[in-house]
Amino acid sequence: MQFDQRQTIGFQAAQLSRLIALRLREALAPLGLLPAQAAALIEIARQPGLTQKELVERLEVEQPGVARTLNGLEAEGWIFREARGGRAQGLHLSDRAAAIVPEAARLAAEIDRQALGELSRTERTNLIDALEELIRGLKALPS
């Protein structure tokens, strides 16, 4: 058999994702956050009052996972919810979270810089563009 799974985008993407997630977990641990929690807090900081549905769309993850993450963040005092009319609730950072989000974002950006290593700015942009194009293509395929 000639097929080498190590030479596929899936294998390489999974390895990269696993390593970045590990580095993020290690970097965020002193702040008391997991990567999914930090991602949610950073998005809420970018747009205070966004709804859970809007957060799901921004993070491009499944709703049940976001719901669990938000419930945990609320229980730990990182966020609070405010009625927006109807059943919708806006998500807001607590003072505690607002104080720590800049550091979480800085750490995430640093891990990103480390992962991209010696790539030039143009190479980084081209890589991100290519990955976005691959993702769009896969999303367009029938399940």
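Just so we're aligned, residue 1001 is where the sequence shown starts under the working numbering, counting upward by one. Just so it is clear, CB atoms sit at the ideal spot from N, CA and C, and this is done for glycine as well.
Nearest-angstrom Cβ-Cβ length linking residue 1119 and residue 1127, presumed shorter than 8 Å:
7 Å
Per-residue burial, residue 1040 [other beta carbons within 10 Å of its own, 16 or more giving buried]
buried
Please state if the CB of residue 1019 and the CB of residue 1035 are separated by a distance shorter than 8 Å.
no
Runs of 4 residues minimum, wholly inside the region 1071 to 1120: which ones carry the alpha helix (DSSP H) assignment?
1095 to 1116
If we count the other Cβ atoms within 10 Å of its Cβ and call it buried at 16 or more, is residue 1109 buried or exposed?
exposed
Using three-state DSSP, classify residue 1049 as helix, strand or coil.
coil
Where residue 1004 sits in the DSSP three-state scheme:
coil
Residue 1143 (DSSP reduced to helix, strand or coil):
coil
Kindly indicate which residue of 1116, 1009, 1115, 1032 has the alpha-carbon position closest to the one of residue 1073.
1032
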